[in-house]
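Q: I am attaching a structure below and will ask some questions about it afterwards.
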Amino acid sequence: MTPGKDDKEQVHNRIPMLRAERGISRRDLAAALGVHYQTIGYLERGEYSPSLHLALRIAEHFEVPVEVVFSLTPFPRIGAPS
Amino acid sequence: MMSATRKKAQDRRTRRIQDLDAELEERMKGRYTTRRSRRTLAGLGAAVLSLLWVDAAVSWVLAPSDAAMITNFVVLGVLLVVGIPVAGQLVATTRGVTAKREHELDERQLTARLQAFRTAHKGTSVVMLAVVLVTSVADRDGRDSQIPGAALFLILFALLVTHLLLPLVVAGWQSPDPLPDEDDDVAGAS
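Just so you know, the sequences run in chain order A and B.
Numbered per this note's numbering, the first sequence spans residues 1 to 82.
Numbered per this note's numbering, the second sequence spans residues 1001 to 1190.
The following block contains the structure:
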């Protein structure tokens, strides 16, 4: 089955959770990555999919593998049965 | 290798832009947050640009005459009084996506800039095609044609301004809803 445009381009992420867990604001993360703080917001809302370079830098910033931050399928909700 | 003076100047510019950005975010809070308001502003920008073309057409038909001159001054007045503030608002709304240098934008902004330039380029191509068609249809006197110099100048001027400012108008039209500040998010959630 050919995925629709939205399915094809949808990249899910855990940036809000990682930020909350580490107490980092959008502006701090944006400054650390050298992007506009609204870009972090659009990323979190799934309105913008990052380049591979930015995705890797975000993962590096949180010191986790990139697949912990980004996924092509939705992340399971915390507390949901696996 | 970049010279020390150039590096210093670039650092100064970066700091100035960061300060301006911070002030801009503060000033633009709550303004043009809806797509409708941003598109109205972009529409106003497009209307001001199209006025230049009306001016060129009036000059083509009426120049040299008082009516052509008066139209010219009226359009110039509208450009100064309405056009410049509208352009300023568009630059602020788009966060300088088309105004800043490429290295001052992040990848999302660069994508938005590219999209705006691509659409505007198509628009400018259509405008140029229309100008070629209209001028060839309107002027059928061949070697005896007497096109007013003012009209020629105004067509070129309108083309230049359209080429320069259409990307800004398009970027304003295409810009996504700005996200509320995190403090507003928290306030909204509690």
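For glycine and all other residues, C-beta sits at the position ideal for the given N, C-alpha and C.
Can you find a C-beta in chain B that's less than 8 Å from the C-beta of valine 35(A)?
A: Here residue 35(A) corresponds to residue number 35 of the first sequence, with the count starting at 1. Yes, valine 35(A) counts as interfacial toward chain B.
Q: Since I believe alanine 1046(B) is in contact with valine 1097(B) (beta carbons under 8 Å), could you give me their beta-carbon distance rounded to a whole number of angstroms?
A: Within the second sequence, numbered from 1, the residue matching residue 1097(B) stands at position 97. Within the second sequence, numbered from 1, the residue matching residue 1046(B) stands at position 46. Going by Cβ atoms, the distance from valine 1097(B) to alanine 1046(B) rounds to 17 Å, so no, they are not a contact pair.
Q: Taking the beta carbon of alanine 38(A) as the centre, do at least 16 other beta carbons fall within 10 Å, making it buried, or is it exposed?
A: For the purposes of this step, residue 38(A) is taken as residue 38 along the first sequence, with counting starting at 1. A small correction: the amino acid at residue 38(A) is glutamine; alanine does not occupy that position in the sequence shown. Flag for glutamine 38(A) reads buried.
Q: Do serine 1175(B) and arginine 1013(B) have their CB atoms nearer than 8 Å?
A: Reading the second sequence from its first residue, position 175 is the one you call residue 1175(B). Reading the second sequence from its first residue, position 13 is the one you call residue 1013(B). Not closer than 8 Å, so no.
Q: Note the first and the last residue of the continuous alpha helix (DSSP H) segment covering histidine 1103(B).
A: The residue given as residue 1103(B) occupies position 103 in the second sequence. First-last for histidine 1103(B): undefined, no H or E at that position.
Q: Tell me whether alanine 1068(B) is buried or exposed, calling it buried when 16 or more other Cβ atoms sit within 10 Å of its Cβ.
A: As a first step, residue 1068(B) must be located in the second sequence, where it is residue number 68. By the 10 Å Cβ count, alanine 1068(B) comes out buried.
Q: I'd like the span of the alpha helix (DSSP H) that includes aspartate 1021(B), first residue to last.
A: Against the second sequence, residue 1021(B) aligns to sequence position 21. 1004-1028 is the extent of the alpha helix (DSSP H) around aspartate 1021(B).
Q: Below 8 Å on the Cβ atoms is my guess for glycine 34(A) versus aspartate 1106(B); work out the distance and round it to an integer in Å.
A: Position 34 of the first sequence, counted from the start, is the residue given in the question as residue 34(A). Position 106 of the second sequence, counted from the start, is the residue given in the question as residue 1106(B). Confirmed, Cβ separation roughly 7 Å.
Q: Under a three-way DSSP split, which group does serine 71(A) fall into?
A: Here residue 71(A) is taken as the residue at index 71 of the first sequence, counted from 1. Strand.
Q: Alpha carbon to alpha carbon, what distance is there between leucine 1090(B) and arginine 1035(B)?
A: Here residue 1035(B) is taken as the residue at index 35 of the second sequence, counted from 1. Here residue 1090(B) is taken as the residue at index 90 of the second sequence, counted from 1. If you take the alpha carbons of arginine 1035(B) and leucine 1090(B), they lie about 13 Å apart.
Q: In the DSSP assignment, find the unbroken alpha helix (DSSP H) run with isoleucine 1038(B) in it and report its ends.
A: Looking up residue 1038(B) in the second sequence gives position 38. The question names isoleucine, but residue 1038(B) in the sequence shown is arginine. Looking at the DSSP string, the run of the alpha helix (DSSP H) that includes arginine 1038(B) is 1035-1062.
Q: Using a Cβ-Cβ cut-off of less than 9 Å, give me the residues of the stretch 9-33 of chain A that come near chain B, in sequence order.
A: Of all residues in the stretch 9-33 of chain A, Ser25, Arg26, Arg27, Ala30, Leu33 have a Cβ within less than 9 Å of some Cβ in chain B.
Q: Does the beta-carbon distance from leucine 1044(B) to valine 1078(B) come in below 8 Å?
A: If you number the second sequence from 1, residue 1044(B) lands on position 44. If you number the second sequence from 1, residue 1078(B) lands on position 78. No, these two residues do not count as a Cβ contact at 8 Å.
Q: Closest by CA to leucine 18(A), which one among Glu67(A), Ala31(A), Phe62(A)?
A: Position 18 of the first sequence, counted from the start, is the residue given in the question as residue 18(A). That would be Phe62(A), whose Cα lies nearest to the Cα of leucine 18(A).
Q: Could you check the C-alpha separation between serine 1136(B) and valine 1061(B) for me, to the nearest Å?
A: If you number the second sequence from 1, residue 1136(B) lands on position 136. If you number the second sequence from 1, residue 1061(B) lands on position 61. Answer to the nearest angstrom: the Cα atoms are 14 Å apart.
Q: Could you list which residues in chain B have their beta carbon closer than 8 Å to that of leucine 47(A), in chain order?
A: Stepping through the first sequence from its first residue, residue 47(A) is reached at position 47. Residue identity differs from the one stated: residue 47(A) is glutamate in this sequence, not leucine. By Cβ distance, chain B contributes Pro1176.
Q: Skipping 5 residues on each side, what residues in its chain have a beta carbon closer than 7 Å to that of phenylalanine 75(A)?
A: Locating residue 75(A) in the first sequence gives position 75, counting from the first residue. So the qualifying residues of the chain are His12, Arg14.
Q: On the CB-based measure, 16 or more other CB atoms within 10 Å of its CB, does alanine 1092(B) come out buried or exposed?
A: Position 92 of the second sequence, counting from 1, holds the residue named residue 1092(B). So alanine 1092(B) ends up on the buried side.
Q: In angstroms, rounded to a whole number, what distance separates the CA positions of glycine 1088(B) and valine 1081(B)?
A: Indexing the second sequence from 1 puts residue 1088(B) at position 88. Indexing the second sequence from 1 puts residue 1081(B) at position 81. One C-alpha to the other measures close to 12 Å.
Q: Would you report the Cα separation of alanine 1099(B) and aspartate 1144(B), rounded to the nearest angstrom?
A: Within the second sequence, the letter at position 99 stands for residue 1099(B). Within the second sequence, the letter at position 144 stands for residue 1144(B). So the alpha carbons of these two residues sit roughly 44 Å apart.
Q: In chain order, which continuous runs of the alpha helix (DSSP H) of length 4 or greater are located wholly inside the stretch 33-77 of chain A?
A: Segments of the alpha helix (DSSP H) lying fully in the stretch 33-77 of chain A: 37-44, 52-62, 66-69.
Q: Report the neighbours of leucine 54(A) on chain B: residues whose CB is nearer than 7 Å to its CB, in chain order.
A: One-based indexing of the first sequence puts residue 54(A) at position 54. Glu1107, listed in chain order.
Q: Would you decide whether aspartate 1055(B) is buried or exposed? Buried here means 16 or more other CB atoms lie within 10 Å of its CB.
A: Taking the first residue of the second sequence as position 1, residue 1055(B) is located at position 55. Aspartate 1055(B) should be labelled buried.
Q: Rounded to the nearest angstrom, how far is the Cβ of proline 1167(B) from that of alanine 1116(B), given a contact under 8 Å?
A: Along the second sequence, read from residue 1 onward, the residue named residue 1167(B) stands at position 167. Along the second sequence, read from residue 1 onward, the residue named residue 1116(B) stands at position 116. Contact holds; Cβ gap of about 5 Å.
Q: Output the distance between the C-alpha atoms of proline 16(A) and threonine 1094(B), rounded to the nearest integer angstrom.
A: Locating residue 16(A) in the first sequence gives position 16, where the first residue counts as 1. Locating residue 1094(B) in the second sequence gives position 94, where the first residue counts as 1. Distance between the alpha carbons of proline 16(A) and threonine 1094(B) is about 25 Å.
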